[in-house]
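For reference, the structure is listed below as structure tokens.
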Amino acid sequence: MSGLRFLLIQTLRFFLYAGVHVLLISRLVLFDLGWCFFYLGFLLFLPIATPIVVQLLLSFGMGLTMDIFYDTGGLHAAAAVLLGFLRPWVLRLLTPRDGYDSADTVNVHQMGWQWFSVYLLLLVLLHHAAFFLLELGSFRHIGLTLGKILGSALFTSLALLIVQLLFFPVRRGRN
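Residue 128 in our numbering sits at position 128 of the sequence shown, and the numbers go up by one each step.
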């Protein structure tokens with residue numbers, strides 16, 4: 001029964017992140033340099049023990065959903081699948097000395113500020129670099145593209161940090 005509960009929760013999270021992004025967040029732009037890719041929260045905050053194949057399928061599904069809404073021809077899907085592919089590597093890179101518990105989730109309260117900041121910024125920067133470089137298709141306007149990557153990464157990271165602080169539970173059992 002817990003597998004069914006997990007599937008239901010992840011389905012609800014998928015529609016929540018996609019819906020909030022499409023209906024609300026996608027209209028927020030900072031000086032034509034910063035876009036918030038809020039839907040990445042769904043992929044970044046999956047449970048740590050999620051198998052890689054499931055992560056890749058969910059990444060493709062979320063990216064394809066965004067591509068359908070924004071007519072971006074696979075840009076979101078390609079960048080999201082890259083994020084889904086790199087996430088386990090980054091988690092291994094950031095593994096705490098004692099390792100992860102099977103019930104661990106990506107949570108700023110549980111994992112700590114330093115761990116969470118490195119995890120979030122690294123994966124968001126890699127996603128945004130892939131997305132904006134694929135969108136550009138050349139290196140003609142690389143300065144503007146680097147500005148978009150940095151501005152959007154900061155905007156997205158700040159929005160996802162606020163989501164973590166407001167909506168994810170504080171766990172007192174672990175230091």
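Yeah, the Cβ is synthetic: ideal placement off N, Cα and C, and Gly gets one too. This structure is a prediction, so every number in the text was calculated from the model and none was measured.
- Message: So, under 8 Å CB-CB, L56 and L126 are touching, yes? Tell me the CB distance rounded to an integer number of Å.
- Response: Here the question's residue 56 lines up with position 56 in the sequence shown. Here the question's residue 126 lines up with position 126 in the sequence shown. Their Cβ separation, rounded to whole angstroms, is 15 Å, which puts L56 and L126 out of contact at 8 Å.
- Message: Counting C-beta neighbours from all protein chains within 10 Å, is the total for W89 16 or more, i.e. buried, or is it exposed?
- Response: Indexing the sequence shown from 1 puts residue 89 at position 89. Note on W89: under 16 other CB atoms within 10 angstroms of its CB, so exposed under the neighbour-count rule.
- How many angstroms separate the CA atom of R97 from the CA atom of Y119? Position 97 of the sequence shown, counting from 1, holds the residue named residue 97. Position 119 of the sequence shown, counting from 1, holds the residue named residue 119. Roughly 16 Å separates the two Cα atoms.
- Query: Tell me, which residues are paired with W115 by DSSP?
  - Reply: Walking along the sequence shown from the start, residue 115 turns up at place 115. None; W115 has no bridge partner.
- Message: Restricting to runs no shorter than 4 residues, where is the alpha helix (DSSP H) found entirely within the region 51 to 107?
- Response: The region 51 to 107 contains these whole alpha helix (DSSP H) runs: 52 to 70 and 75 to 93.
- Check whether the region 65 to 84 touches the region 106 to 113, taking contact to mean three or more Cβ pairs, one atom from each stretch, closer than 8 Å. Verdict: no, contact absent.
- Buried versus exposed, by CB contacts within 10 Å (16 or more), W113: What you label residue 113 is simply residue 113 of the sequence shown in a count that begins at 1. Under this definition W113 is an exposed residue.
- Message: Taking the alpha helix (DSSP H) that R13 belongs to, which residues open and close that run?
- Response: Residue numbering aside, residue 13 sits at position 13 when the sequence shown is read from its first letter. For R13, the uninterrupted alpha helix (DSSP H) segment begins and ends at S2 to L23.
- Query: Should the region 61 to 70 be called in touch with the region 132 to 146, which here means at least 3 C-beta pairs below 8 Å?
  - Reply: Touching, no, given that fewer than three Cβ pairs across the two stretches are closer than 8 Å.
- Tell whether a beta-carbon distance below 7 Å holds between L160 and G41. Here residue 160 corresponds to residue number 160 of the sequence shown, with the count starting at 1. Here residue 41 corresponds to residue number 41 of the sequence shown, with the count starting at 1. Going by C-beta atoms, L160 is nearer than 7 Å to G41.
- Exposure label - S157; buried when at least 16 CB within 10 Å: Taking the sequence shown and counting its residues from 1, the one referred to as residue 157 is at position 157. Under a 10 Å Cβ-count criterion, S157 is classified as buried, with 16 or more other Cβ atoms of the shown protein chains found around its own Cβ.
- Compare the Cα-Cα distances from M62 to each of A80, L150, L94 and T145 and report the closest residue. On the sequence shown, position 62 is the one that residue 62 refers to. In terms of CA proximity to M62, A80 leads the group A80, L150, L94 and T145.
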